[in-house]
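Asker: Using the numbering used here, read the sequence shown as starting at 5 and increasing by one per residue.
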Amino acid sequence: MKPHKSSPSSPKRSAAIVTPIILLLVLALVCLYDMAFSNPYPRIHRVASSSSSSSLPSPTNSSSSASPATTVRSCNLTRGQWVPDDEAPYYTNLTCPFIDDHQNCMKFGKPNLEFLRWRWQPDGDGCDLPRFDAARFLEAMRGKSMAFVGDSLARNHLKSLLCLLSKEAQPVEVETSSEIDVTGRAVRRDYRFANHFTISLFWSPFLVKANQSNATLGQWDLHLDTPDARWAAHVADFDYIVLSGTNWFLRPSFYREAGRLVARNGAAAAATGGNVTEIPVPRAVRAAFRTALGAIAVREGFRGKALVRTVTPAHFENGEWNTGGDCVRTRPFRRDERALGAVEAEYRAAQVDALRETEAAARRNGAELLLLDITEAMDLRPDGHPSRYGHPPGGSVEGSFVVDCLHWCLPGPIDMWSELLLQLLIAHPS
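1. Assign Ser-164 to one of two classes, buried (16 or more other C-beta atoms within 10 Å of its C-beta) or exposed (fewer than that).
2. According to DSSP, is Lys-213 helix, strand or coil?
3. On the CB-based measure, 16 or more other CB atoms within 10 Å of its CB, does Val-186 come out buried or exposed?
4. Along the chain, where does the beta strand (DSSP E) containing Ser-156 start, and where does it finish?
5. According to DSSP, simplified to helix, strand and coil, what is Ser-422?
6. For the candidate residues Asp-105, Trp-124, Leu-120 and Asn-97, whose alpha-carbon lies nearest to that of Gln-85?
7. Based on Cα-Cα distance, which residue from Ala-343, Val-285 and His-238 lies nearest to Arg-303?
8. On the CB-based measure, 16 or more other CB atoms within 10 Å of its CB, does Gly-249 come out buried or exposed?
9. Does Leu-169 pass the burial test, meaning 16 or more other C-beta atoms within 10 Å, or should it be called exposed?
10. For Val-356 and Leu-142, what's the separation of their Cα atoms in angstroms?
11. Locate the alpha helix (DSSP H) running through Tyr-351, then write down its first and last residues.
12. What's the call for Ile-184, buried or exposed, on a 16-neighbour Cβ count within 10 Å?
13. What does a CB cutoff of less than 7 Å around Val-51 pick up in its chain, not counting 5 residues either side in sequence?
14. Which word fits Glu-363, buried or exposed, when buried means at least 16 other C-beta atoms lie within 10 angstroms of its C-beta?
15. Less than 7 Å between the beta carbons of Ala-190 and Ser-181, yes or no?
16. Tell me which residues share the same chain as Gly-416 and place their Cβ nearer than 6 Å to its Cβ, disregarding the 5 neighbours each side in the sequence.
17. Ends of the beta strand (DSSP E) at Glu-261?
18. One question on the structure: do Pro-256 and Ala-267 come within less than 7 Å of each other, judged by their Cβ atoms?
19. Apply the 10 Å Cβ neighbour rule to Thr-379 and answer buried if 16 or more other Cβ atoms are within range, or exposed otherwise.
20. Would you call Gly-154 buried or exposed, if buried means 16 or more other Cβ atoms sit within 10 Å of its Cβ?
21. Straight-line CA distance for Thr-230 to Ile-300?
22. With DSSP collapsed to three states, give me the class of Leu-98.
23. Determine, using beta carbons only, whether Cys-100 and Cys-167 come nearer to each other than 7 Å.
24. Do you know offhand how far Leu-426's Cα is from Lys-309's?
25. To test your reading of the DSSP string, which unbroken beta strand (DSSP E) runs of 3 or more residues are found completely within the region 261-331?
26. Can you give the beta carbon distance from Leu-133 to Leu-81, rounded, assuming they're within the 8 Å contact cut?
27. Taking DSSP's pairing of strands, which residues face Leu-373 in a bridge?
28. So, at 6 Å on beta carbons, what are the nonlocal neighbours of Arg-3 in its own chain, with the 5 sequence-adjacent residues on each side left out?
29. What number of angstroms, rounded off, separates the C-alpha of Gly-323 from the C-alpha of Cys-331?
30. From the DSSP output, in three-state form, read off Gly-147 for me.
31. Nearest by alpha-carbon distance to Leu-228: which of Tyr-244, Phe-253 and Trp-207 is it?
32. Check whether the Cβ atoms of Leu-428 and Ala-318 sit closer than 7 Å, and answer yes or no.
33. Within the same chain, show all residues whose beta-carbon is closer than 6 Å to that of Ser-149, passing over the 5 residues directly before and after it, in chain order.
34. Which whole-angstrom value is the C-beta distance of Trp-122 and Asp-89, which I expect to be below 8 Å?
35. Can you give the Cα-Cα distance for Arg-135 and Leu-211, rounded to whole angstroms?
36. For a test of the three-state rule: what should DSSP assign to Leu-228, helix, strand or coil?
In structure tokens:
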């Protein structure tokens with residue numbers, strides 16, 4: 005007898021049921037694969053709880069009003085929007101002595117200070133990003149050490165953190181390397197607090213071994229399989245290492261592995277006559293971060309945490325930094341007003357891929373790799389750059405752009421990076 009069309013044994017009906025189930029299972033697996041990087045932060049409630057699950061010590065004599073609480077559920081603090089905020093900035097150019105002139109927007113008269121009146125609001129009911137608690141951060145870091153490795157944006161981040169902490173304590177600079185980088189600054193700087201917490205800054209814009217092969221053309225040789233020894237030799241000295249840097253990869257560069265020339269980027273084409281294979285810059289970024297993270301992962305004696313701070317977009321409009329571009333907007337973008345640029349998305353993907361490719365090796369050796377993902381939040385802040393206010397009118401200061409739409413004013417939106425950093429450390433205690 006032929007089965008009835010509505011019979012449960014019908015192959016067509018079975019297929020109709022099974023197919024969507026399989027699709028849902030595949031989608032669930034994809035989501036689970038990405039959760040480790042898209043939701044690395046605890047769920048935070050605006051009202052603090054007295055039963056925080058964080059093992060970071062609570063500070064004594066804290067001047068902050070409330071400590072953040074964590075629950076079992078997760079909250080993705082990296083997705084959200086900027087909302088108005090009536091709170092005063094954490095510091096000013098008069099209260100923090102660590103602000104470099106070319107990010108001292110208040111000093112040089114940035115006309116609209118409304119950029120200081122916004123805070124990052126993560127998506128989701130009950131989700132919030134607490135204000136930075138300097139006392140808690142310092143207590144958690146007592147006797148520990150943290151290194152920032154990268155380019156001038158790593159320095160921008162470090163100076164922001166020093167300013168945030170200066171409300172509670174001010175460090176002394178205890179050591180400056182005699183080696184000078186191509187910008188005329190010391191390759192290494194160290195800042196030590198009274199509680200024996202040390203923050204170090206290493207200038208290493210490519211993270212890997214790099215030699216300027218032609219200063220006139222601004223041309224570089226990058227050894228993509230060799231970490232920069234200026235920082236890599238000191239990995240075991242630190243409890244936390246924050247890696248960053250993508251902007252210098254746009255410079256004319258030749259790529260080497262095992263000492264051999266293997267490729268170049270597009271900017272180096274004129275110098276080669278087309279005899280060397282060209283590869284996209286994000287591939288070089290991925291290789292460099294993989295090498296840097298790999299060096300940390302296998303370094304004997306390092307049992308700490310390495311964090312990759314993701315790319316921060318520039319906001320030049322109507323031209324680039326050297327062709328008349330500027331950033332004159334006075335409020336954040338809404339998320340529906342701007343999509344992340346393709347280049348920035350590729351850089352961020354390269355950083356995430358490098359982390360995923362090395363995290364297992366790090367885990368086997370007792371270290372942990374984490375993602376400090378600020379890309380989306382900062383993409384929405386065209387108003388937070390110095391623009392023409394990183395130097396006197398008609399003049400300049402050391403290290404300044406004529407118009408700077410890449411670095412961040414201090415105080416400014418960059419202070420959110422350390423708010424996220426603190427929550428990441430709470431979510432992943434030592």
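Glycine included, C-beta positions come from ideal geometry on N, C-alpha and C. Here the structure is a predicted model, which is why all the values come from computation and not from measurement.
Answerer: In terms of the structure at hand:
1. buried
2. strand
3. exposed
4. Looking at the DSSP string, Ser-156 is not in any beta strand (DSSP E); the run it does join, the alpha helix (DSSP H), is 156-169.
5. helix
6. Trp-124
7. His-238
8. buried
9. buried
10. 29 Å
11. 346-368
12. Exposed is the label assigned to Ile-184, since fewer than 16 other Cβ atoms lie within 10 Å of its Cβ.
13. With a pLDDT of 31 at Val-51, under the threshold of 50, the modelled position of this residue cannot be trusted; read the value that follows with caution. Excluding residues within five positions, none has a Cβ falling inside 7 Å.
14. buried
15. Closer than 7 Å, so yes.
16. Gly-388.
17. 257-261
18. no
19. Thr-379 counts as buried, since at least 16 other C-beta atoms from the protein chains shown sit within 10 angstroms of its C-beta.
20. buried
21. When rounded, the distance between both Cα atoms is 12 Å.
22. coil
23. Cβ distance < 7 Å, so Cys-100 and Cys-167 count as in contact.
24. 13 Å
25. 264-268 and 309-313
26. Going by Cβ atoms, the distance from Leu-133 to Leu-81 rounds to 5 Å, so yes, they are a contact pair.
27. Ala-310
28. Summary: the structure shown does not reach residue 3, with the chain confined to residues 5 through 434, and so no result is reported for it.
29. The straight-line gap separating the alpha-carbon atoms of Gly-323 and Cys-331 is approximately 10 Å.
30. coil
31. The residue with the shortest Cα to Cα distance from Leu-228 is Phe-253.
32. no
33. Thr-202, Phe-242 and Asp-243
34. 6 Å
35. 31 Å
36. strand
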